[in-house]
Amino acid sequence: MFEVFSTGYYLGRLYVEPSDDGTAALQRRQHERVNEQVYAGEGLARTDYPLVMKVGTRHYRVEGDADVPADTLVVPRETLEDAGVDNPPALAEVLLARPDHARRLFEVGAV
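What follows is the structure, encoded as structure tokens:
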């Protein structure tokens with residue numbers, strides 16, 4: 064789903080859709096799988112830990128949600144413009160922060 068992109072991110076492509084509840088989410092099973100592959104290898108055992116993803120100029124704290132379709136990232140509707148999504152659902156490049164970068168983003172309050 065994601066491949067190495069840079070020292071700070073992995074790159075993937077997901078459909079991006081609006082969410083009306085103000086949160087960003089990925090299908091729960093995919094969220095757990097990505098969390099295990101990317102973050103658990105760094106000593107993190109919990110697979111419910113939020114992922115940090117970037118779409119356009121916007122970083123999101125991504126939770127798992129059973130109601131989200133596979134290969135889809137839902138983001139708060141009011142952030143679609145910052146994410147560069149004009150006509151959702153849209154297939155978009157999504158950056159997944161690597162563990163160290165995600166930690167820094169949490170520390171500075173970017174997500």
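Quick note: to get our numbering, add 63 to the position in the sequence shown (first position is 1).
Cβ atoms here follow ideal geometry from the backbone N, Cα and C, with glycine treated the same way.
In the DSSP assignment, what residue or residues form a beta bridge with residue i?
{"i": "S82", "result": "P139"}
{"i": "F65", "result": "G75"}
{"i": "E156", "result": "R76"}
{"i": "H122", "result": "K117"}
Could you give the distance in angstroms between the alpha-carbon of residue i and the alpha-carbon of residue j?
{"i": "L136", "j": "R167", "result": "22 Å"}
{"i": "V138", "j": "T86", "result": "6 Å"}
{"i": "E95", "j": "L159", "result": "14 Å"}
{"i": "L77", "j": "D145", "result": "16 Å"}
{"i": "E141", "j": "H122", "result": "13 Å"}
{"i": "E99", "j": "D149", "result": "32 Å"}
{"i": "D128", "j": "S82", "result": "12 Å"}
{"i": "Q90", "j": "V67", "result": "21 Å"}
{"i": "E126", "j": "S69", "result": "23 Å"}
Give a yes or no on whether the C-beta atoms belonging to residue i and residue j are separated by under 8 Å.
{"i": "R124", "j": "V115", "result": "yes"}
{"i": "V79", "j": "A133", "result": "no"}
{"i": "G71", "j": "R161", "result": "yes"}
{"i": "V118", "j": "G147", "result": "yes"}
Under a Cβ-count criterion, where at least 16 other Cβ atoms within 10 Å of its own Cβ denotes burial, should residue i be classed as buried or exposed?
{"i": "G172", "result": "exposed"}
{"i": "V157", "result": "buried"}
{"i": "V101", "result": "buried"}
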